[in-house]
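Engineer: I have a structure here, written as structure tokens, and I will follow up with some questions on it.
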Amino acid sequence: MSLRPPPSLGLVLPCYNEAEVLPETARQLMVLLDALQAEGRIASARVYFVDDGSRDATWSLIEELARADPRFSGLKLSRNRGHQNALMAGLATARQDAVISLDADLQDDPNVIGAMVDAYRGGAEIVLGVRDDRTSDSVFKRSTARGYYRFLHGLGVDIVADHADYRLMSARALKALAGYTEVNLFLRALVPQLGFSVATVPYRRAERFAGESKYPLGKMLGFAFEGVTSFSTRPLRLITIIGIAVSSVSFFLALWALVTAVFMRSTVPGWASTVVPIYFICGVQLLCVGIIGEYVGKIYLETKRRPRFIVDRNLDDGADA
Ligand code: UDP
Ligand code: MG
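Counted the way our numbering counts, the sequence shown spans residues 15 to 335.
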């Protein structure tokens, strides 16, 4: 099988308060890209650091890097818009044959970039980095992650377990992705929907090189929720089923109460049997209204069609180094 020619390669790294790791990340990437270029596996390279409204020295570091080496470029968003939007901003700017997104904290092992490029050259339009072990995670994160992927599968969401946002996309795949204009972004489930030929490359996720996680529990839960409500309407169906089940049960309860009252002349004493179901059904109703509300909220956000991000500064001149 003939290989595609060595591609021009773009790297997109969302950065939110990453001043502590950026110099080391840039250094490691440079060494790696030099090697790939020397081996003739890529034609050229450009690295896009997307500053997602950082409050530390991240942007001035990016400017410095871009001044020092034309292969470094940067994008500054007008404010913090979150990881997924920052990724999207970078992906929308990069114009290379193949573009890889990875975290700025060196958790996504840069050494598999070569393997991703090789898979692209072998014909894949999308190459997913998949973690082959989760030993660098806490037991809590590992078990909740596994349960979550199972849950999503159960809801019919097409998602690859243990793949986050470390992936290569060809220019064709990126063009297709640009057609998705939703503001509620959950890229790891969106990309498989594009179709195309997909390859996977295993990698070991390292500990964060420096600094701390920008994904506290609350943000992570919100993101997990996003994955469900952006890709599955089955919870709404579930509500209908719960509604039917609860009303059938109460219908039979009413029947039973009527029968005992008429034929046995005995009414059930005590209020527990009356009050408990009321609380229960109220709870179920509130939950259902809440779930519907989540979807309505999402529709509200989508109908406004607000921009997903606003670029404040762009260091990219469009020419490839
Ligand atoms: N990030 C971002 N905007 C945010 C939060 C995170 O651009 O609002 C970036 C962050 O700089 C990093 C990547 O997204 O490059 C992943 O975040 P992090 O490493 O904190 O998440 P974790 O690996 O702990 O899940
Ligand atoms: Mg990280």
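By construction, the Cβ of each residue, glycine as well, lies at the ideal position given by its N, Cα and C atoms. As the structure is a computational prediction, the values presented were derived from the model and not from experiment.
1. Based on Cα-Cα distance, which residue from ASP147, PRO249, ASP111 and LEU208 lies nearest to GLY193?
2. Only counting runs of 4 or more residues, tell me where the alpha helix (DSSP H) segments fall wholly within the stretch 144 to 206, in order along the chain.
3. Reducing DSSP to helix, strand and coil, say where PHE265 ends up.
4. Does the distance between the C-beta of GLN121 and the nearest non-hydrogen atom of the ligand MG fall short of 7 Å?
5. My assumption, with CB atoms under 8 Å, is that LEU75 sits in contact with PHE86. Please give the rounded CB distance.
6. SER227: beta carbon under 7 Å from a heavy atom of the ligand MG?
7. Would you report the Cα separation of ARG60 and PRO21, rounded to the nearest angstrom?
8. In the DSSP assignment, find the beta strand (DSSP E) that holds VAL112 and state where it starts and stops.
9. Given the structure, does ARG222 come close to the ligand UDP, in the sense that its CB is under 7 Å from one of the ligand's heavy atoms?
10. Between which residues of its own chain and ASP147 is the CB-CB distance below 7 Å, once the five residues before and five after are set aside?
11. Roughly how many angstroms lie between the CA atoms of GLU77 and GLN42, to the nearest whole one?
12. Under 7 Å: does the beta carbon of ASN198 sit that close to some heavy atom of the ligand ZN?
Structural biologist: Reading from the atomic positions:
1. LEU208
2. 153 to 168, 185 to 192 and 201 to 204
3. helix
4. yes
5. Not confirmed; about 10 Å, so no contact.
6. yes
7. 12 Å
8. The sequence given here places Ala at residue 112; Val does not occur at that position. Note, ALA112: beta strand (DSSP E), 112 to 115.
9. yes
10. ARG218
11. 18 Å
12. Although the ligand ZN was asked about, the structure shown includes only the ligand UDP and the ligand MG as ligands.
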